[in-house]
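Working notes, beginning with the structure itself.
In the working numbering, the protein residues as written are 4 to 436.
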């Protein structure tokens with residue numbers, strides 16, 4: 004199934020690494036505008052390659068990359084490697100330090116119908132085209148997407164732990180996550196990791212637009228009569244973690260409603276009462292705790308009030324969407340069908356692009372937005388389990404957009420993966436056959 008390869012990554016030179024904090028950048032959609040501006044002010048920050056600004060932004064990124072290579076700002080490793088990446092973090096309300104263990108390698112680009120790489124959400128065409136243009140102009144995978152493999156034996160983690168005894172560098176991001184980076188050059192270990200992965204399906208956890216950009220670019224390039232399947236454009240940079248890890252976390256993404264004409268609290272509660280049991284919650288800050296572990300239960304923030312709403316179980320069979328039963332029974336399906344379509348009037352086909360529906364990961368921001376009347380109401384959700392994500396992926400269906408928030412997010416700037424022929428292929432490739 005999944006074919007992975009080591010790579011000779013491009014990395015910031017040794018003199019710059021001491022200031023690695025000024026070079027790395029988080030994913031674009033998880034930081035504030037002011038944080039992004041601060042990153043853009045750093046001339047050598049990786050954000051200039053990952054999310055370039057300007058009219059011809061992709062061309063600008065390509066020019067900058069060429070200059071960085073020429074000036075030795077970034078340098079290509081001599082030997083192919085698998086790169087080890089650990090993230091140390093805590094969760095809200097807990098002091099326990101967790102470790103998400105993973106590695107970075109090149110994954111062969113697979114079309115969705117091959118069912119080697121499985122997706123759990125759909126993409127927006129504009130964002131995909133943007134990612135493909137940057138890949139085309141720069142010939143560089145600037146930041147790895149996040150893929151999941153399943154290995155109950157945890158054999159790969161043993162090799163990763165050994166590499167982490169001698170880390171190359173580390174940094175701490177804006178959320179207090181400690182990111183630590185190391186490398187594996189040993190050909191025997193690399194081959195063993197490749198062997199373990201080759202019988203696995205990979206679930207795409209994060210980076211659907213970037214991967215889709217690679218897929219469309221590969222399809223376009225493969226029309227070349229000289230195409231062999233070994234070219235750099237046939238591969239995509241990915242960070243791999245094990246679904247069997249206790250520290251693989253998916254945080255909830257809440258929904259905020261605004262701009263619905265004729266909206267009233269009384270009308271919404273009356274409609275919700277048709278489908279849900281409704282129970283007032285005295286303190287809005289208790290919502291997360293009240294709905295925890297309860298199937299088809301959500302928090303409703305509206306005006307100055309908070310409620311626990313839970314679907315009347317006999318109604319689960321009334322869902323008219325053509326999904327298999329396992330998908331119909333998901334909390335997310337219940338929310339999008341009964342709350343958004345039936346109670347708020349946002350049809351399923353319109354929800355993806357609806358201006359009335361936004362996503363917010365921070366509970367406090369949801370509460371503030373509602374109490375200040377900046378939004379009409381908010382629906383508070385629970386964590387999604389990795390088993391739910393697996394179930395959806397294996398069924399061939401997808402979750403509503405922004406349904407999952409794998410935490411922590413992978414940062415950009417530790418390494419870059421070239422797909423240029425003279426930089427992608429290596430004299431050492433035969434060692435990994």
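Glycine included, C-beta positions come from ideal geometry on N, C-alpha and C.
Keep in mind the model is a prediction, meaning the values are calculated, not measured.
Could you work out which residue in the options is closest to residue i when comparing CA atoms only?
i, options, result
"residue 15", "37, 49, 29 and 43", "49"
"residue 213", "201, 260, 168 and 143", "143"
"residue 402", "151, 334 and 62", "334"
"residue 151", "251, 141, 67 and 260", "251"
"residue 18", "12, 11 and 26", "26"
"residue 242", "254, 206, 227 and 60", "206"
"residue 138", "407, 296 and 217", "217"
"residue 200", "354, 233 and 156", "156"
"residue 118", "336, 399, 394 and 346", "399"
"residue 300", "370, 382, 344 and 261", "382"
"residue 338", "249, 283 and 406", "406"
"residue 346", "354, 274 and 254", "274"
"residue 28", "422, 90, 51 and 6", "51"
"residue 3", "132, 170 and 95", "The displayed coordinates of the chain run from 4 to 436. Any statement about residue 3 would go beyond what the structure contains."
"residue 122", "428, 393 and 409", "393"
The alpha helix (DSSP H) that contains residue i, what's its start and end?
i, result
"residue 184", "Segment 181 to 187 is the beta strand (DSSP E) holding residue 184; no alpha helix (DSSP H) there."
"residue 294", "290 to 294"
"residue 366", "366 to 374"
"residue 338", "It is not in any alpha helix (DSSP H) - residue 338 carries neither H nor E in the DSSP assignment."
"residue 211", "211 to 224"
"residue 331", "328 to 331"
"residue 192", "190 to 200"
"residue 161", "158 to 166"
Given that a residue counts as buried once 16 or more other Cβ atoms are within 10 Å of its Cβ, and exposed if not, what is residue i?
i, result
"residue 125", "exposed"
"residue 424", "exposed"
"residue 36", "exposed"
"residue 366", "buried"
"residue 204", "buried"
"residue 311", "buried"
"residue 281", "exposed"
"residue 104", "buried"
"residue 79", "exposed"
"residue 116", "exposed"
"residue 391", "buried"
What are the boundary residues of the beta strand (DSSP E) that includes residue i?
i, result
"residue 417", "Looking at the DSSP string, residue 417 is not in any beta strand (DSSP E), and its letter there is neither H nor E."
"residue 78", "77 to 79"
"residue 173", "172 to 175"
"residue 245", "238 to 245"
"residue 260", "257 to 260"
"residue 350", "No beta strand (DSSP E) holds residue 350; DSSP gives it neither H nor E."
"residue 282", "279 to 284"
"residue 14", "13 to 15"
So what does DSSP say about residue i, is it helix, strand or coil?
i, result
"residue 28", "strand"
"residue 359", "coil"
"residue 344", "helix"
"residue 382", "strand"
"residue 299", "coil"
"residue 4", "coil"
"residue 150", "strand"
"residue 73", "helix"
"residue 109", "strand"
"residue 115", "helix"
"residue 2", "Nothing about residue 2 can be read from this structure; the chain reaches only from 4 to 436."
"residue 54", "coil"
"residue 392", "helix"
"residue 404", "coil"
"residue 316", "helix"
"residue 132", "helix"
"residue 90", "strand"
"residue 144", "strand"
"residue 35", "coil"
"residue 445", "Residue 445 cannot be examined here, being either before or after the span of the chain that is shown, 4 to 436."
"residue 252", "strand"
"residue 322", "coil"
Taking Cβ to Cβ, would you say residue i is nearer than 9 Å to residue j?
i, j, result
"residue 411", "residue 178", "yes"
"residue 8", "residue 108", "yes"
"residue 162", "residue 187", "yes"
"residue 419", "residue 12", "yes"
"residue 176", "residue 414", "yes"
"residue 302", "residue 426", "no"
"residue 246", "residue 389", "yes"
"residue 159", "residue 416", "no"
"residue 304", "residue 396", "no"
"residue 279", "residue 379", "no"
"residue 249", "residue 101", "yes"
"residue 131", "residue 46", "no"
"residue 384", "residue 377", "no"
"residue 318", "residue 341", "yes"
Please find out if some non-hydrogen atom of the ligand NAD comes closer than 8 Å to the beta-carbon of residue i.
i, result
"residue 291", "With respect to small molecules bound, the structure shown includes none, and the ligand NAD cannot be examined in it."
Are the C-beta atoms of residue i and some chain D residue less than 9 Å apart?
i, result
"residue 342", "Among the protein chains of the structure shown there is no chain D, as only one such chain exists."
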